[in-house]
Amino acid sequence: METICPIDTALASEISHLLTSPSPLQVQEYFDNLISTRKCHGIKVKPNGEFGKGVYADLDFKKGELVFKDQLLVGAQHCSNKIDCLVCSFCFCFIGSIELQIGRRLYLQGLGVSMNHESDMETFKHISKDCSKTDSYDGEYDSLLENHDNLENCASSSSKQIFTFPKDVVESLMNGELILPYSKQFSLPPPVPCAGGCGEAYYCSKSCAEADWELSHSLLCIGERSKSSCREALIKFMQHANETNDIFLVAAKVISSTILRYRKLKATHLKEDNKCAKPNVSDHSDISLLLEAWKPVSMGHKRRWWDCIALPDDVDSSDESAFRMQIRELAFTSLQLLKAAIFDKECEPLFSLETYGHIIGMFELNNLDLVVASPVEDYFLYIDDLPYTEKQEAEQVTQPFLDALGDDYSVCCQGTGFFPLQSCMNHSCCPNAKAFKREEDRDGQATLIALGPISKGEEVTISYVDEDLPLEERQALLADYGFKCKCPKCLQEET
Ligand SMILES: [Zn+2]
Ligand SMILES: [Zn+2]
Ligand SMILES: [Zn+2]
């Protein structure tokens with residue numbers, strides 16, 4: 019039996035408005051505007067018949083040159099990765115210090131083994147209680163440890179290691195008593211905790227904290243100043259996402275950022291109407307404002323998640339429809355939990371299963387990974403590169419930590435993000451650009467580099483799959499994106 023989402027039926031026409039692809043003119047206007055505010059002068063986004071839209075060079079580029087940088091619209095670090103790296107929840111740069119990064123990770127790895135699996139709900143009650151705690155003896159350090167129960171729910175590959183490092187040494191790393199040699203050269207911004215009091219989100223700066231609060235976190239914060247209607251429901255939603263698929267967390271960010279944009283637009287409209295002293299000003303909860311708030315999301319290519327998700331290898335094709343139905347049910351459960359936490363009647367179409375499925379499908383189809391290299395890796399490489407005597411001396415301190423961290427010492431920040439410009443780029447098996455982080459790119463932005471010379475007017479393409487795979491394998495993978503590649507390489511190999 020297929021579950022029916024009542025909002026899908028009641029608001030069918032509003033939802034179809036929301037999910038209709040924007041017209042070529044709207045696409046053009048939106049991206050011209052985005053490109054000019056971001057000053058990405060080297061490119062243009064143009065509608066193109068076959069695939070909807072594409073990115074075109076507006077300058078000549080040489081091999082290895084930066085084509086553009088793309089700021090995230092929304093993004094989130096993978097839950098399991100939160101154990102490995104402490105990053106700014108808005109721009110995803112590493113924060114704290116080399117010592118804190120290493121100490122925190124060893125600490126959490128240790129907990130992963132020693133902590134028993136108490137009921138998850140108990141764990142979360144404990145967190146929300148702890149959030150209001152003010153008597154911490156060492157503010158920053160203490161609060162960084164407070165959310166370990168939550169992190170423990172994030173199954174990490176690394177947390178399964180047996181951890182035997184002395185706890186007091188780990189703690190002195192975290193609270194700044196133990197300074198590692200040469201770590202000053204890898205200084206990181208001190209963590210700024212979320213002003214909502216959740217103890218979950220940390221930032222590299224006050225401006226990132228405020229920007230995230232305004233964008234989406236004020237509705238998704240589980241702290242005491244949260245603007246969600248029910249913090250317990252929010253915690254249940256997050257717990258469900260952590261246990262099933264953390265793509266729901268990014269989808270929740272899309273919904274809450276749309277609601278917050280809607281409220282801002284409405285406030286501006288009311289103000290303008292008041293100025294003109296028009297009667298009947300309150301009736302602005304209409305679909306046009308919601309569509310305006312939704313515009314950045316409307317630009318992303320979308321299909322229903324349960325229709326476009328690739329069938330996992332271990333699912334037999336005869337079970338395909340049951341599998342897709344299960345995915346739909348999972349999304350419905352997640353959506354009900356989210357709805358209990360942040361529902362807004364004026365933005366009701368956002369809470370339909372149809373909309374939710376399309377938001378998640380947008381991430382599935384655009385497949386954009388968020389990656390930021392770790393300064394911990396750089397630090398150990400630096401130590402390894404020191405002249406012999408200095409290296410010997412430094413390693414007496416650092417080697418035990420490196421051993422305790424194991425092979426995963428270089429794990430980078432990993433997550434999912436929606437990059438509006440990169441998501442307009444079409445695929446080619448012989449692409450002329452690729453997403454590649456340079457030495458200086460240390461935050462969540464996507465960086466697109468030319469793989470060869472690109473001339474003005476030429477389309478800029480990337481490969482969605484490993485372009486060195488044989489033709490059949492490429493075509494099979496690309497079928498998941500819903501198209502058949504007709505790039506020069508495919509055409510040549512087909513004949
Ligand atoms: Zn930041
Ligand atoms: Zn918060
Ligand atoms: Zn191809």
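If you want the numbering used here, it's the 1-based position in the sequence shown plus 18. A virtual CB, placed ideally from N, CA and C, is assigned to each residue, including glycine.
Please find out if some non-hydrogen atom of ligand 1 comes closer than 7 Å to the beta-carbon of residue i.
i: Y221; result: yes
i: C226; result: yes
i: C503; result: no
i: C431; result: no
i: C111; result: yes
Quick check: the Cα distance between residue i and residue j, rounded to an integer number of angstroms?
i: L278; j: V268; result: 15 Å
i: N99; j: E458; result: 22 Å
i: I61; j: K474; result: 9 Å
i: I377; j: C248; result: 23 Å
i: F79; j: E189; result: 50 Å
i: E382; j: E347; result: 17 Å
i: D264; j: H96; result: 7 Å
i: E395; j: I401; result: 10 Å
i: Q493; j: H319; result: 20 Å
i: A94; j: H287; result: 31 Å
i: A219; j: Q119; result: 15 Å
i: C109; j: Q510; result: 42 Å
i: A349; j: P405; result: 55 Å
i: K202; j: P208; result: 13 Å
i: K87; j: C23; result: 39 Å
i: S244; j: R123; result: 28 Å
i: L206; j: I253; result: 30 Å
i: G121; j: V45; result: 47 Å
i: G462; j: G114; result: 17 Å
i: L29; j: P367; result: 7 Å
i: P330; j: D186; result: 44 Å
i: K71; j: F437; result: 15 Å
i: K224; j: P211; result: 9 Å
i: T513; j: V92; result: 42 Å
i: G241; j: Y74; result: 44 Å
i: H135; j: C503; result: Confidence at H135 is low in this model, with a pLDDT of 35, below 50, so its placement is unreliable and the value that follows should be read with caution. So the two alpha carbons sit approximately 48 Å from each other.
i: E261; j: K409; result: 43 Å
i: A229; j: I101; result: 24 Å
i: L371; j: K455; result: 36 Å
i: A328; j: T276; result: 28 Å
i: P199; j: Q417; result: 11 Å
Can you determine whether any heavy atom of ligand 2 sits closer than 7 Å to the C-beta of residue i, and answer yes or no?
i: E232; result: no
i: G214; result: yes
i: C106; result: no
i: C239; result: yes
i: H287; result: no
i: E218; result: yes
i: H235; result: yes
The beta strand (DSSP E) spanning residue i covers which residue range?
i: Y397; result: It is not in any beta strand (DSSP E) - Y397 instead sits in the alpha helix (DSSP H) that spans 393 to 403.
i: V478; result: 477 to 480
i: P62; result: Per the sequence presented here, residue 62 reads as Lys, with Pro not at that position. K62 -> beta strand (DSSP E) spans 61 to 66.
i: Q95; result: 92 to 95
Within the continuous alpha helix (DSSP H) that includes residue i, where are the two ends?
i: K409; result: 406 to 423
i: L355; result: 338 to 360
i: I53; result: 42 to 56
i: C18; result: Nothing about residue 18 can be reported from this structure: the residues present for the chain run from 19 to 513 only.
i: Q510; result: 506 to 512
i: G379; result: 371 to 384
i: Q493; result: 489 to 497
i: M519; result: Only positions 19 to 513 of the chain appear in the structure, and residue 519 is not among them; the question remains open.
i: M256; result: 249 to 261
i: M192; result: 185 to 192
i: V315; result: 305 to 316
i: E32; result: 30 to 37
Return yes when at least one heavy atom of ligand 3 lies under 7 Å from the C-beta of residue i, else no.
i: C248; result: no
i: K452; result: no
i: S205; result: no
i: S446; result: yes
i: C508; result: yes
When DSSP builds the beta bridges, which residues end up paired with residue i?
i: I472; result: F79
i: I467; result: L84, K452
i: N292; result: Paired residue(s): none; N292 is not in a bridge.
i: C431; result: V390
i: G70; result: N66
i: V210; result: Y221
i: F112; result: V105
i: F501; result: Note: F501 sits in no beta bridge, so no partner.
i: F436; result: V92
Should residue i be counted as a contact of ligand 4 given a C-beta to heavy atom distance under 7 Å?
i: K254; result: Questions concerning ligand 4 fall outside what the structure shown contains, since the ligands it does hold are ligand 1, ligand 2 and ligand 3.
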